[in-house]
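Numbering (our numbering), first residue to last: 4 to 274.
All residues carry an ideal CB built from backbone N, CA and C; glycine is no exception.
In this text the structure is predicted, and so the values were computed from the model without any measurement.
Okay, structure first, notes after.
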Amino acid sequence: MWIIITRKHLYNLAIIILSILILLVLSQIFFEDESSIVFNTTPKGYVVLIIDDFGNHSNGTKEMLDLGIPITAAVMPFMPHSITDAKAAQDADLEVILHLSMEPNQGKKEWLGPKGITCDLDNNEVKCILYDALEEIKFAVGINNHMGSKATQDPRIMKSILEVAKEKNLFFVDSKTSPKSVVWKTAEDLDVPCFTRDVFLDGTKDINHIKKQLLSLGDIALKKGYAIGIGHVGIEGGKPTAEAIKFVYPYLRDRGIHFITITELMKILDK
Ligand SMILES: [Zn+2]
4 MWIIITRKHL YNLAIIILSI LILLVLSQIF FEDESSIVFN TTPKGYVVLI
54 IDDFGNHSNG TKEMLDLGIP ITAAVMPFMP HSITDAKAAQ DADLEVILHL
104 SMEPNQGKKE WLGPKGITCD LDNNEVKCIL YDALEEIKFA VGINNHMGSK
154 ATQDPRIMKS ILEVAKEKNL FFVDSKTSPK SVVWKTAEDL DVPCFTRDVF
204 LDGTKDINHI KKQLLSLGDI ALKKGYAIGI GHVGIEGGKP TAEAIKFVYP
254 YLRDRGIHFI TITELMKILD K
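Here you go:
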């Protein structure tokens, strides 16, 4: 049986092919998976989350490791779980930094824990403690301070610490526990990459307060381009902090904020 192809048939065929092509294009737009949409979005700001006081396997450690969000684990050296917490953080693909215990203006010396950096140490003693600490927290790519309102005001102490940071190719994040901190100036003189904390997230178990702090961290990121927040495991935060991060994370991501590590921020800022 012969089929006669008329001009009308060809016209209908062209319409069908065109319709199929349009449907294919539309399906690409509407059914693109979420991850590729996020990937294609230009970031409106960056947030770095640093979680202090790892090293004690304390409250919230497991919850932080399980978040699946790129946080930075600041691990205290010379503690019962320093090495295991650092290893667990690395296994969870988190960035690890050394959380160096430094003398505060107020408070007791024993709060520093073993081998804290006090202002009565000579330069060599400061450097030896730092070498020992970095020997323990081998995966550390940077340093931040635990307490340290007195030691971060001391140019001699900060110079000793930052000289080791330079030698080992590490960045320093000033937790900014003192408004008179000389960290930024000293790091600039030595040409060590340096960052400053914008927001403390917790210091409380009140989850609503921690959520508010995370939101203001997002606001700073949108204004300044990036923002660094510090939270804690243990008595200063722990589980409520992990829960608040989990809750606020999708909201901030929807506002165009990308969560990154300090190492990634350094690349973005070309530091
Ligand atoms: Zn701390």
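With respect to the C-alpha of residue 130, the residue from 216, 167 and 235 having the closest C-alpha is 167.
The residue from 128, 106 and 145 with its alpha-carbon nearest to that of residue 157 is 106. Residue 150 carries a strand assignment under DSSP once its states are collapsed to helix, strand and coil. The beta carbon of residue 264 is closer than 7 Å to those of 51, 73, 75 and 98 in its chain, skipping five residues each way along the sequence. The continuous stretches of alpha helix (DSSP H) do not include residue 82, and DSSP gives it neither H nor E. DSSP, read as helix, strand or coil, puts residue 181 in coil.
The region 175-185 makes no contact with the region 240-253: fewer than 3 CB pairs, one atom from each, lie closer than 8 Å. Judged by beta-carbon spacing, residue 205 lies within the 8 Å limit of residue 235, meaning their Cβ atoms are closer than that value. Secondary structure at residue 234: strand, using DSSP grouped into helix, strand and coil. Where residue 120 is concerned, there is no enclosing beta strand (DSSP E), because DSSP gives it neither an H nor an E. Within the DSSP bridge table, the entry for residue 197 names 175 as partners. Cβ neighbours of residue 67 within its own chain (closer than 7 Å, five residues either side excluded): 54, 74, 236 and 245.
Less than 8 Å separates the beta-carbon of residue 78 from that of residue 89.
Checking the 7 Å criterion, the Cβ of residue 149 is within range of a heavy atom belonging to ligand 1. C-alpha of residue 269 to C-alpha of residue 238: approximately 31 Å in a straight line. Assigned with DSSP and collapsed to three states, residue 157 falls in coil, not helix or strand. Here residue 77 is bridged, per DSSP, to 100.
Distance from the C-beta of residue 84 to the nearest heavy atom of ligand 1 is not below 7 Å.
Judged by DSSP secondary structure, residue 52 falls within the beta strand (DSSP E) whose first and last residues are 48-57. Annotation for residue 88 indicates a beta carbon at 7 Å or more from all heavy atoms of ligand 1. A direct Cα-to-Cα measurement between residue 108 and residue 121 gives close to 11 Å. Cβ contact annotation for residue 208 (same chain, cutoff 6 Å, sequence separation greater than five): 243, in chain order. Within 7 Å of the C-beta of residue 60 there is not a single heavy atom belonging to ligand 1. Residue 12 sits exposed, since fewer than 16 C-beta atoms from the chains shown fall within 10 Å of its C-beta.
Note that the C-beta distance between residue 161 and residue 185 is below 8 Å.
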